[in-house]
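**Q** Mind having a look at this structure? Questions to follow.
Protein chains: 2
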Amino acid sequence: MEGKKTVRAAERALDILLCFTQEPELSLTDVARMTELNKSTVYRLLATLEEKGFLIRDAKTEKYRLGFRVWELSANLSQTDDPAVLFLPEMERLRDQVEETVSLYIRDGMERIRIQAVESTQTIRRVAPLGARMPLSVGASSKVLVAYADPAVQKMVLSDPSWPDNVDKDQYIRQLDEIRNRGYATSFEEREAGTSAIAAPVLDRSGNIMAALSISGPVSRFTMERMQEVIPKLLESTHRMRKMAKK
Amino acid sequence: MEGKKTVRAAERALDILLCFTQEPELSLTDVARMTELNKSTVYRLLATLEEKGFLIRDAKTEKYRLGFRVWELSANLSQTDDPAVLFLPEMERLRDQVEETVSLYIRDGMERIRIQAVESTQTIRRVAPLGARMPLSVGASSKVLVAYADPAVQKMVLSDPSWPDNVDKDQYIRQLDEIRNRGYATSFEEREAGTSAIAAPVLDRSGNIMAALSISGPVSRFTMERMQEVIPKLLESTHRMRKMAKK
DNA sequence: AACTTCGTTTCACTAGATGAAACCTATGGC
DNA sequence: GCCATAGGTTTCATCTAGTGAAACGAAGTT
Chain A
5 MEGKKTVRAA ERALDILLCF TQEPELSLTD VARMTELNKS TVYRLLATLE
55 EKGFLIRDAK TEKYRLGFRV WELSANLSQT DDPAVLFLPE MERLRDQVEE
105 TVSLYIRDGM ERIRIQAVES TQTIRRVAPL GARMPLSVGA SSKVLVAYAD
155 PAVQKMVLSD PSWPDNVDKD QYIRQLDEIR NRGYATSFEE REAGTSAIAA
205 PVLDRSGNIM AALSISGPVS RFTMERMQEV IPKLLESTHR MRKMAKK
Chain B
5 MEGKKTVRAA ERALDILLCF TQEPELSLTD VARMTELNKS TVYRLLATLE
55 EKGFLIRDAK TEKYRLGFRV WELSANLSQT DDPAVLFLPE MERLRDQVEE
105 TVSLYIRDGM ERIRIQAVES TQTIRRVAPL GARMPLSVGA SSKVLVAYAD
155 PAVQKMVLSD PSWPDNVDKD QYIRQLDEIR NRGYATSFEE REAGTSAIAA
205 PVLDRSGNIM AALSISGPVS RFTMERMQEV IPKLLESTHR MRKMAKK
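Line by line, the protein sequences are chains A and B.
Counting in my numbering, the first sequence runs from 5 upward without gaps.
Counting in my numbering, the second sequence runs from 5 upward without gaps.
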């Protein structure tokens with residue numbers, strides 16, 4: 005009698021689908037191991053996913069991979085005002101100006117997800133960890149996402165038991181005000197050693213945060229001074245993005 | 005006790021997801037109407053899809069739209085040897101040479117699906133009906149897909165009750181041999197009035213068909229003579245694609 | 001205030017999802 | 001050749017958990 009309003013069978017099917025974000029090709033037993041589900045359960049769910057075209061089965065290897073239905077979906081996704089597509093041109097513009105990696109993050113629960121990224125001369129498809137998930141406790145983008153989230157969400161994030169011990173929560177909270185005042189956040193080797201970053205919120209017309217835009221690079225090159233130089237450009241980009249947002 | 009090996013709840017969840025290929029934004033009742041499912045069933049499945057990040061709920065409109073998880077999936081899709089991504093550059097090359105619309109189709113059951121297309125000066129995202137489904141009974145690409153399918157599939161397609169009465173099956177079958185000999189198929193106003201097309205198979209290393217590549221245009225411009233000119237270019241492209249295919 | 005419409009919750013019922021185990025092939029080792 | 005192992009597939013008894021009707025609450029319309 006808990007507050008579960010979800011459908012288990014559907015959940016499991018989606019979990020299986022998500023396995024394919026990690027590996028492009030998986031066999032029945034691979035999936036069974038990853039999801040820790042019974043072999044026959046996986047068998048039926050795979051059959052379902054295949055029948056609906058979300059997975060296809062490689063004729064040779066007998067393994068499954070993502071099917072055309074995923075394409076249909078993602079094609080439709082781009083017709084919407086999806087930030088990852090909508091803002092890509094602007095992100096490339098910014099990248100060309102500052103010649104550093106530019107990333108776009110959104111918040112999902114207690115994590116942030118990199119939904120888009122452009123690197124020095126790379127194209128969208130080449131960018132390594134698109135869809136990568138990181139904790140909200142560290143990094144410039146994380147703080148921006150939390151600082152501009154609505155109060156209920158902030159409370160949820162800050163009271164979550166998974167908050168790591170080695171990150172001082174009070175100090176973190178103090179930073180949030182500062183970030184809202186300045187309009188951007190910075191970080192030095194916070195999430196990843198050797199990397200520094202600045203991030204600013206992408207707001208929609210009504211002032212709600214849609215995403216966080218960041219510029220990041222190696223500390224050696226992306227110094228404090230350099231940051232100061234690029235901040236106006238970052239803010240100009242987020243401002244332009246705001247105007248692009250639909251409705 | 006039929007031969008159903010699928011999971012109903014999962015099927016329904018996927019059906020709901022597919023509703024979003026038609027409309028970018030849907031409310032609970034919209035989905036219930038489209039799928040003809042009970043309101044509470046849809047409610048629970050939508051909650052499941054939302055929790056897993058496949059759908060997000062617009063804060064304002066209360067409607068659902070596709071979520072970031074679809075992005076994660078499609079990002080991964082591109083890392084695989086998905087033809088729609090893999091062959092895009094080659095398709096653009098061909099388009100630039102012939103200055104007509106170039107499309108890539110795969111077979112799914114009794115239909116073909118346009119998984120990629122490039123037009124005169126359009127970019128991938130702009131192409132109207134990506135993911136469009138058409139019958140296998142008419143059109144150059146259809147015949148290629150059937151001609152090079154393996155015998156069991158051919159039998160299935162040709163014995164399907166949904167085969168339209170106005171298409172002569174015997175004549176169709178006779179054409180298949182011809183197509184295999186020549187290596188390509190042509191059509192004049194077959195599927196669509198005012199449009200002619202040529203198509204050739206994209207084979208993998210072992211000679212199995214992966215997709216059909218077509219060039220199509222208005223009959224006025226894309227004449228018999230013009231077709232003869234571009235056939236070598238089409239075949240050159242499919243040949244190059246074959247070498248691109250992984251493994 | 002009466003009437004819609006839409007999202008949410010409740011509840012009793014049993015369809016249908018589930019896991020253990022048996023059953024098939026393959027493939028590999030010896 | 002024969003036995004062993006590791007997939008994938010099917011069966012089947014069990015009972016969870018998914019289901020639809022109906023009721024509910026909250027806006028919005030007339």
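Note that beta-carbon positions come from the ideal geometry of N, C-alpha and C, so glycine has one too.
Quick check on this structure: which residue in B/188, B/227, B/167, B/20 has the alpha carbon closest to the alpha carbon of residue 36 of chain B?
**A** Checking every option, the nearest Cα to that of residue 36 of chain B belongs to B/20.
**Q** For residue 25 of chain B, which of A/138, A/74, A/65, A/156 has the nearest alpha-carbon?
**A** Among A/138, A/74, A/65, A/156, the Cα nearest to that of residue 25 of chain B belongs to A/74.
**Q** Using DSSP with H/G/I as helix, E/B as strand and the rest coil, what is residue 126 of chain A?
**A** Any reading at residue 126 of chain A must be qualified, since the residue scores a pLDDT of 37, below 50, and its modelled position is unreliable; the value itself is stated next. Here residue 126 of chain A sits in coil by DSSP.
**Q** Sorted by chain position, which residues of the same chain lie with C-beta nearer than 8 Å to residue 60 of chain B's C-beta, five sequence neighbours on each side aside?
**A** Taken in chain order, the residues that qualify are 54, 68, 69, 70, 71, 72.
**Q** Does residue 47 of chain A come out as helix, strand or coil in the three-state DSSP assignment?
**A** DSSP places residue 47 of chain A in helix when its eight states are reduced to three.
**Q** Quick one: which unbroken beta strand (DSSP E) runs of 3-plus residues sit fully inside the region 210-238 of chain A? Chain order, please.
**A** Fully enclosed beta strand (DSSP E) runs of 3 or longer: 213-222.
**Q** Under the rule that 16 or more other beta-carbon atoms within 10 Å means buried, what is residue 120 of chain B, buried or exposed?
**A** Label assigned to residue 120 of chain B: buried.
**Q** Which first and last residues belong to the beta strand (DSSP E) in which residue 68 of chain B is found?
**A** Here the beta strand (DSSP E) through residue 68 of chain B covers 68-70.
**Q** Name the two residues that bound the continuous alpha helix (DSSP H) containing residue 39 of chain A.
**A** 32-39 is the span of the alpha helix (DSSP H), which, as asked, contains residue 39 of chain A.
**Q** Does chain A have any CB closer than 8 Å to the CB of residue 142 of chain B?
**A** With 8 Å as the cut-off, residue 142 of chain B does not count as an interface residue toward chain A.
**Q** Alpha carbon to alpha carbon, how far is residue 179 of chain B from residue 99 of chain B?
**A** Cα-Cα distance, rounded: 27 Å.
**Q** Tell me the residue span of the beta strand (DSSP E) that contains residue 171 of chain A.
**A** No beta strand (DSSP E) contains residue 171 of chain A, which DSSP labels as neither H nor E.
**Q** Between residue 112 of chain B and chain A, is there a C-beta pair that is closer than 8 Å?
**A** By this cut-off, residue 112 of chain B is an interface position.
**Q** Measure from the C-beta of residue 11 of chain B to each C-beta in chain A and report whether the shortest distance is under 8 Å.
**A** Yes, its Cβ sits closer than 8 Å to a Cβ of chain A.
**Q** Check residue 181 of chain B in the structure and name its three-state DSSP category.
**A** In the structure shown, residue 181 of chain B sits in a helix (DSSP, three-state: H, G or I).
**Q** On a Cα-Cα basis, can you pick out the residue from A/212, A/196, A/188 that is closest to residue 239 of chain A?
**A** Answer by Cα proximity: A/188.
**Q** Can you list, in chain order, the residues of its chain whose CB lies under 8 Å from that of residue 246 of chain A, leaving out five sequence neighbours each side?
**A** Same-chain partners within the cutoff: 206, 207, 208, 209.
**Q** Between which two residues does the beta strand (DSSP E) holding residue 162 of chain A run?
**A** From DSSP, residue 162 of chain A is part of no beta strand (DSSP E) but of the alpha helix (DSSP H) over 155-162.
**Q** Any beta carbon from chain A within less than 8 Å of residue 75 of chain B's own beta carbon?
**A** Interface residue, yes.
**Q** With DSSP as the reference, please indicate the residues paired to residue 73 of chain A in a beta bridge.
**A** Its beta-bridge partners do not exist; DSSP assigns none.
**Q** Could you please give the first and the last residue of the uninterrupted alpha helix (DSSP H) stretch that includes residue 19 of chain B?
**A** Segment 12-23, the alpha helix (DSSP H) holding residue 19 of chain B.
**Q** Thinking C-alpha only, which one of A/174, A/211, A/137 is nearest residue 117 of chain A?
**A** If we check each option's Cα against that of residue 117 of chain A, A/137 comes out closest.
**Q** Can you give me the C-alpha to C-alpha distance between residue 13 of chain A and residue 161 of chain A, rounded to a whole angstrom?
**A** When rounded, the distance between both Cα atoms is 29 Å.
**Q** Would residue 111 of chain A and residue 140 of chain A be called neighbours here (beta carbons separated by less than 8 Å)?
**A** It is a contact, given that the beta carbons lie within the stated cut-off.
**Q** Look up residue 132 of chain A in the DSSP assignment and say whether it is helix, strand or coil.
**A** With a pLDDT of 40 at residue 132 of chain A, under the threshold of 50, the modelled position of this residue cannot be trusted; read the value that follows with caution. Coil, per DSSP.
**Q** Measure the C-alpha to C-alpha separation of residue 230 of chain B and residue 22 of chain B and round it to an integer number of angstroms.
**A** In a straight line, the C-alpha of residue 230 of chain B is about 39 Å away from that of residue 22 of chain B.
**Q** My output table needs one value for residue 101 of chain B: the three-state DSSP class, helix, strand or coil.
**A** DSSP places residue 101 of chain B in helix when its eight states are reduced to three.
**Q** May I have the straight-line CA-CA distance separating residue 148 of chain B from residue 39 of chain B, to the nearest angstrom?
**A** If I take the Cα positions, the gap works out to 34 Å.
**Q** Skipping 5 residues on each side, what residues in its chain have a beta carbon closer than 7 Å to that of residue 95 of chain B?
**A** Excluding residues within five positions, the ones whose Cβ falls inside 7 Å are 106, 108, 120, 122.
**Q** Counting only beta-carbon atoms, is residue 25 of chain B nearer than 8 Å to chain A?
**A** Yes, residue 25 of chain B lies at the interface with chain A (some Cβ there is under 8 Å from its Cβ).
**Q** Name, please, each residue of chain A whose Cβ falls closer than 9 Å to the Cβ of residue 48 of chain B.
**A** Neighbours of residue 48 of chain B on chain A, chain order: 9, 10, 11, 14.
**Q** Give me the chain B residues within the contact set of residue 196 of chain A, using Cβ-Cβ distance strictly less than 8 Å, ordered along the chain.
**A** The contacting residues do not exist; residue 196 of chain A stays about 20 Å from chain B at best.
**Q** Can you check which of these residues, B/185, B/236, B/199, B/214, is closest to residue 88 of chain B by C-alpha distance?
**A** Residue 88 of chain B has its Cα closest to that of B/214, out of B/185, B/236, B/199, B/214.
**Q** Does the beta carbon of residue 216 of chain A fall short of 7 Å from some heavy atom of the ligand HEM?
**A** As for the ligand HEM, it is missing from this structure, which has no ligand bound.
**Q** Compare the beta carbon distance of residue 202 of chain A and residue 144 of chain A with 8 Å and say whether it is the shorter of the two.
**A** In contact: residue 202 of chain A and residue 144 of chain A (Cβ atoms closer than 8 Å).
**Q** Just the chain B side, please: which residues come within less than 8 Å of residue 258 of chain A by C-beta, in chain order?
**A** The requested residue 258 of chain A is not part of the displayed model; chain A covers only 5 to 251.
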